[in-house]
Amino acid sequence: MERICEISFCQQAGKHKKYNQDALFNGESVFQYTFKKPEKRIENRPHFIIGVADGVYHSPCPRKASKVVMDALKDLKELNVESVIYLQDKLSEALADRYLGSATTLVAAEINQIERKAKILSVGDSRAYLISKEGEWKQITEDHSILSEIVELKADQNPNDYASIYGGISSCLVADNSAFQDKIFFKEIDIKEGEILLLCTDGLTDGIGLRWLQIIWGYNKTILEKLRYYQRELKEPGCFYDDMSVIAVKM
Numbered sequence: 001m002e003r004i005c006e007i008s009f010c011q012q013a014g015k016h017k018k019y020n021q022d023a024l025f026n027g028e029s030v031f032q033y034t035f036k037k038p039e040k041r042i043e044n045r046p047h048f049i050i051g052v053a054d055g056v057y058h059s060p061c062p063r064k065a066s067k068v069v070m071d072a073l074k075d076l077k078e079l080n081v082e083s084v085i086y087l088q089d090k091l092s093e094a095l096a097d098r099y100l101g102s103a104t105t106l107v108a109a110e111i112n113q114i115e116r117k118a119k120i121l122s123v124g125d126s127r128a129y130l131i132s133k134e135g136e137w138k139q140i141t142e143d144h145s146i147l148s149e150i151v152e153l154k155a156d157q158n159p160n161d162y163a164s165i166y167g168g169i170s171s172c173l174v175a176d177n178s179a180f181q182d183k184i185f186f187k188e189i190d191i192k193e194g195e196i197l198l199l200c201t202d203g204l205t206d207g208i209g210l211r212w213l214q215i216i217w218g219y220n221k222t223i224l225e226k227l228r229y230y231q232r233e234l235k236e237p238g239c240f241y242d243d244m245s246v247i248a249v250k251m
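Each residue of the sequence shown is one higher than the last, beginning at 1 in full-length UniProt numbering.
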C-alpha cells in the first residue's frame, strides 16, 4: 500500500538582514531564501530525509556553512550518529581553507513512511517537535546550549533567571579540519497518523515562543496558513527577529 505525506516549509531572513544564514532541505531541494513563502509538496517515497541548519552568527561565514551541510545532507541515504562525522568532514573540505571556523547547527530527520517512524539527528539548538492531532507540541531534541547545560545542573532553576548571553550553543558543526567531538542527539520515534513532525531553527521558537506557537497552530486550519501566520507574527512592529526556517511533515 502506497503512503503519501505532505511536506510544508518556509523561510525568512532576520530583521534588517541581507542574507539568510539558515538553509533548508525539503527532501528534494536545498533552499536559502531571504523570504520563501510557505509551500507544500507531496512525498510518496517510502523513505526520505529532510533537515534545517542555522549558521552560527559569529563564525566567519555562517550562511555558507549551513548551505554546505544541507547540500551534503541531500547526498545521504540514511541517518545515524556517524552521519555527523561525514557532514563535518564535508564542511571542513568546503570551507576550512578559506573560512576556517565557519559553523552551523543541524537538525535532520530520516522518515520511514511504511513503518511510520523517524530517526532524528541534531547538533546545536535547532529543534524537532512532534505535534499531536490536538495541537500539542512535544520537543524531541535536546538543546546543546550553554543555558540548557546550566539549567540541567540546577534542575530547580528557572531558565528566565539567566541573562540571554547564556543562550549560546555548546555544540555545532565546524569547518576546522578536526574530528567531531561535541554533543550529538539521535533518537528514533514513532509518528502516528495525523501527527506532524516539525523541524525548525531557533528563529521560530525564540521569536514567537512555544505557548504562542501552539495558540496560532490551533486556530489556523491548514499548515500553510499556520506558517504564513508565523511569518507575519515575526514581522510585527517592534519585534526583533532572527532568521527562521521551518519544515513540517504530516503523515
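C-beta: ideal position from N, C-alpha, C; glycine also. From a predicted model like this one, the values you see are computed outputs, not experimental measurements.
C-beta atoms of residue i and residue j nearer than 8 Å
i	j	result
residue 109	residue 196	no
residue 76	residue 83	yes
residue 204	residue 246	yes
residue 38	residue 61	no
When the options are compared against residue i, the one with the closest alpha-carbon
i	options	result
residue 4	41, 69, 95	41
residue 141	243, 118, 7	118
residue 19	26, 33, 8	33
residue 206	65, 233, 47, 73	233
residue 188	226, 81, 131, 250	81
residue 173	45, 73, 30	73
residue 115	229, 190, 31	190
residue 16	126, 250, 241, 246	241
residue 126	44, 236, 59, 185	185
residue 55	45, 227, 106, 37	106
residue 194	133, 177, 89, 236	133
residue 47	53, 28, 59	28
residue 202	45, 71, 169	169
residue 43	26, 53, 52	26
residue 178	23, 70, 45, 88	88
residue 59	104, 226, 251, 208	104
residue 6	113, 235, 210	113
residue 22	236, 250, 200, 215	200
residue 31	71, 45, 2	71
Three-state secondary structure (DSSP) of residue i
i	result
residue 89	helix
residue 139	strand
residue 54	strand
residue 49	strand
residue 191	coil
residue 23	strand
residue 28	coil
residue 121	strand
residue 169	strand
residue 105	coil
residue 82	helix
residue 248	strand
Sequence-distant residues of its chain with Cβ nearer than 6 Å to residue i (five each side left out)
i	result
residue 129	137, 139, 198
residue 175	91, 92, 95, 96, 102
residue 85	180
residue 256	Any property of residue 256 remains undetermined from this structure, which presents the chain solely from 1 to 251.
residue 223	8, 248
residue 57	none
residue 221	none
residue 36	10, 11
residue 68	91, 94
Spatial neighbours of residue i in its chain, beta-carbon cut-off 7 Å, leaving aside the 5 residues before and after
i	result
residue 171	123, 124, 144, 182, 183
residue 231	10, 12
residue 64	95, 99, 102
residue 153	Residue confidence is low: residue 153 scores 47 on pLDDT, short of 50, so the model does not pin down where it sits. No coordinate-derived value is stated.
residue 79	49, 108, 110, 119, 121
residue 250	5, 6, 196, 223
Limits of the unbroken alpha helix (DSSP H) element including residue i
i	result
residue 38	Segment 35 to 43 is the beta strand (DSSP E) holding residue 38; no alpha helix (DSSP H) there.
residue 71	62 to 74
residue 127	First-last for residue 127: 127 to 131, but that is the beta strand (DSSP E), not the alpha helix (DSSP H).
residue 225	223 to 234
residue 210	210 to 219
Residue i Cβ short of 7 Å to the ligand ADP heavy atom set
i	result
residue 72	The model on display carries no ligand, and the ligand ADP is accordingly not part of it.
Test: residue i CB closer than 8 Å to a CB of chain B
i	result
residue 81	This model lacks chain B altogether; it includes just one protein chain.
Start and end residues, beta strand (DSSP E) containing residue i
i	result
residue 12	5 to 12
residue 198	196 to 200
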